[in-house]
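Student: Below is one structure. I have some questions about it.
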Amino acid sequence: MFGGGGYDAGASQFAGGGFMPTQADQGTSPAPKKTSSDQTLRALTIKQIIDGTQNPDESQWTIDGQELSNVTLVGKLTSVQEQSACVVYQLNDGTGSMEIKNWIDTDSDYDAAKKAELRLGVYVRVHGHLRVFDGQKSIVAFNMRPITDFNEVTYHALQSIFQHLHLTKGTRTGPMGGSNLAARPAGAMPQSNGMGGGPAGASYPAATVKTDGNRPPIQQDILAVFNTSNAQASDVGTSTDQVVGQLAGKHSERDVRQAVSFLADDGAIYSTIDDVHFKSCEY
Amino acid sequence: MDIAPRVNFELLQRYIERRVRLVGQLENLQGNVLKLKTSDNGTVNVLIKPGAGFDSPFIEVEGIVESPNTIRELDHTNFGSSFDMSLYNEVCRLSNNEFQALFS
Chain A
1 MFGGGGYDAG
11 ASQFAGGGFM
21 PTQADQGTSP
31 APKKTSSDQT
41 LRALTIKQII
51 DGTQNPDESQ
61 WTIDGQELSN
71 VTLVGKLTSV
81 QEQSACVVYQ
91 LNDGTGSMEI
101 KNWIDTDSDY
111 DAAKKAELRL
121 GVYVRVHGHL
131 RVFDGQKSIV
141 AFNMRPITDF
151 NEVTYHALQS
161 IFQHLHLTKG
171 TRTGPMGGSN
181 LAARPAGAMP
191 QSNGMGGGPA
201 GASYPAATVK
211 TDGNRPPIQQ
221 DILAVFNTSN
231 AQASDVGTST
241 DQVVGQLAGK
251 HSERDVRQAV
261 SFLADDGAIY
271 STIDDVHFKS
281 CEY
Chain B
1 MDIAPRVNFE
11 LLQRYIERRV
21 RLVGQLENLQ
31 GNVLKLKTSD
41 NGTVNVLIKP
51 GAGFDSPFIE
61 VEGIVESPNT
71 IRELDHTNFG
81 SSFDMSLYNE
91 VCRLSNNEFQ
101 ALFS
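Okay, structure coming up:
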């Protein structure tokens, strides 16, 4: 979702424009060490950028605890000023105003055609880098294009909210948790798990299983057996026969076997030494 | 004045004499009054600037709220003929409530 889609979009921008991202930073600060977060593309409102904080030791701009690299904004051009080698725009998205610098090749027909489209009052999507110089923020754009389907305005606002939530609260837990799991990029883990989903170091499947109160009683009873500390401590886990024995009188053997098989298929438990011994995925 | 919250009809009254952005569906245009249906199915009168072109079914108006159902236009953008108003209504709701900190 966020990491995957965002990164791809960024990559395609690079490919399309033939732009070298490090160029914009030359001379302003020493190149920071490259980590995976340097590759991200954040969808933001201008207010979020203005409200961001500067990391004192790394001189990097940080929003929602994550350093900014590439950003994408959607807004309306409220000022257009042509200079010799670049065009300076003011972009307003209703949350604030931001200076956008777009370097252009004056000999390129392509750049001239692009420039002609970017008139005053036009809604645009911008991809670029944030640059902070003397406390003044501006975006050095590597792509700007007019918006033609205005649902993109809606989409951008929702994507900004989604990414903010993703970075501040983590993935949603509960019945939907499992499906979000795969979408979570390792590099995008928040510093604090705002959902309170278990102790530090707990894996995400744990949070998913723990908060899943929607399982039928028999499955909850079986998971309780697998989650006892004895069962957790054992390397081989618990056999289906043991579970049947423990739940005798409460659930029929047939129902228990069916439910154990369901839980294994569902990923709540996993088989250990053979296909009748299981451990809970919760720890 | 850089901030102009996105509003629907219900939110309009919060921003009297303030600048807002409102997307609506064109109902009719008589003289200098443009009637727009908002994303939450209210009707707003927009006092338009002379000579402005309104040539699409969906229009975004940026302007000053004069009364709970009147906006004085400062600028507008034609938003085309295909725009999801119910989803946009959610943006209005979220950006003025839970996630206001991101927007205004």
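Protein chains in written order, with the UniProt record's numbering: chain A, 1 to 283; chain B, 1 to 104. All C-beta atoms, glycine included, are put in the ideal place defined by N, C-alpha and C. The structure presented is a predicted model; accordingly, all values stated were derived computationally and were not measured.
CB-CB under 8 Å to Asn55/A, same chain, minus the five flanking residues each way: which ones, in chain order?
Tutor: Within the same chain, Asn55/A has close Cβ partners Trp61, Thr62 and Glu67.
Student: Tell me whether Ile16/B is buried or exposed, calling it buried when 16 or more other Cβ atoms sit within 10 Å of its Cβ.
Tutor: Its Cβ having fewer than 16 others within 10 Å, Ile16/B is exposed.
Student: Along the region 150 to 162 of chain A, what residues have a CB closer than 7 Å to any CB found in chain B?
Tutor: The region 150 to 162 of chain A vs chain B, Cβ under 7 Å: Phe150, Asn151, Thr154, Ala157, Leu158, Ser160 and Ile161.
Student: Distance, Cα to Cα, Val71/A vs Leu44/A?
Tutor: Their backbone Cα atoms lie some 7 Å apart in a straight line.
Student: Assign Gln83/A to one of three DSSP states: helix, strand, or coil.
Tutor: In the structure shown, Gln83/A sits in coil (DSSP, three-state: anything other than H, G, I, E or B).
Student: Can you tell me whether His251/A is helix, strand or coil according to DSSP?
Tutor: Three-state DSSP puts His251/A in coil, outside helix and strand.
Student: Buried or exposed: which applies to Thr77/B, given that a residue is buried once 16 or more other Cβ atoms fall within 10 Å of its Cβ?
Tutor: With 16 or more Cβ atoms within 10 Å of its Cβ, Thr77/B is classed as buried.
Student: List in chain order: all unbroken alpha helix (DSSP H) runs of 4+ residues lying wholly within the region 47 to 89 of chain B.
Tutor: Whole alpha helix (DSSP H) segments, 4+ residues: zero.
Student: Is the separation between the beta-carbon of Val126/A and that of Ile139/A shorter than 8 Å?
Tutor: Their beta carbons are under 8 Å apart, which means Val126/A touches Ile139/A by this criterion.
Student: Per DSSP, what kind of secondary structure is Gly75/A in: helix, strand or coil?
Tutor: Three-state result, Gly75/A: strand.
Student: So, with DSSP's three-state summary, where would you put Ser160/A?
Tutor: It is helical.
Student: With 7 Å as the limit, tell me which residues of the region 39 to 60 of chain A have their beta carbon closer than that to any beta carbon of chain B; keep them in chain order.
Tutor: If the cut-off is 7 Å between Cβ atoms, the region 39 to 60 of chain A has Thr45, Lys47 and Gln48 near chain B.
Student: Since Thr240/A is in the alpha helix (DSSP H), which residue starts that stretch and which ends it?
Tutor: Thr240 to Gln246 is the span of the alpha helix (DSSP H), which, as asked, contains Thr240/A.
Student: Tell me whether Ser97/A sits in a helix, a strand or coil according to DSSP, three-state version.
Tutor: Ser97/A: strand per DSSP, three-state reduction.
Student: For Val236/A, which residues of its own chain have a beta-carbon under 6 Å away from its beta-carbon, when the five flanking residues on both sides are left out?
Tutor: Closer than 6 Å at the Cβ level, and outside the excluded window around Val236/A, lie Thr272, Ile273 and His277.
Student: Report the residues of the region 84 to 99 of chain B with a CB closer than 9 Å to any CB of chain A, ordered along the chain.
Tutor: Of all residues in the region 84 to 99 of chain B, Asp84, Leu87, Tyr88, Glu90, Val91, Leu94, Ser95, Glu98 and Phe99 have a Cβ within less than 9 Å of some Cβ in chain A.
Student: By DSSP, does Pro146/A sit in helix, in strand, or in coil?
Tutor: Correct three-state label for Pro146/A: strand.
Student: Output needed for Asn28/B: all residues of its chain with C-beta closer than 6 Å, excluding positions within five of it in sequence on either side, in chain order.
Tutor: Lys35.
Student: Cα-Cα, which of Ala233/A, Cys86/A and Phe226/A is closest to Ala264/A?
Tutor: Checking every option, the nearest Cα to that of Ala264/A belongs to Phe226/A.
Student: If we define contact as Cβ-Cβ less than 8 Å, is Gly72/A a contact residue for chain B?
Tutor: For clarity, residue 72/A is Thr in the given sequence; the question names Gly instead. No, Thr72/A does not count as interfacial toward chain B.
Student: Which two residues bound the contiguous beta strand (DSSP E) that contains Tyr270/A?
Tutor: First-last of the beta strand (DSSP E) with Tyr270/A: Ile269 to Ser271.
Student: Within 8 Å of any Cβ in chain B, is that where the Cβ of Ser97/A sits?
Tutor: Chain B contact via Cβ: present.
Student: Grab me the residues of Phe9/B's own chain with a C-beta within less than 7 Å of its C-beta, minus the 5 sequence neighbours each way, in chain order.
Tutor: Result list for Phe9/B: Thr38, Asp40, Gly42 and Val44, in chain order.
Student: Please report the distance separating the alpha-carbon of Gly80/B from that of Phe150/A.
Tutor: Each residue's alpha carbon lies about 7 Å from the other.
Student: Got a sec: which bits of the region 214 to 246 of chain A sit with their beta carbon under 8 Å from any beta carbon on chain B, in order along the chain?
Tutor: Cβ contacts with chain B come from no residue of the region 214 to 246 of chain A.
Student: Under 8 Å Cβ-Cβ, which residues of chain A neighbour Leu102/B?
Tutor: The contacting residues are Thr45, Lys47, Gln48, Thr95, Ser160, Ile161 and His164.
Student: Where do the ends of the beta strand (DSSP E) carrying Leu130/A lie?
Tutor: Taken as a continuous stretch (DSSP letters only), the beta strand (DSSP E) holding Leu130/A covers Tyr123 to Phe133.
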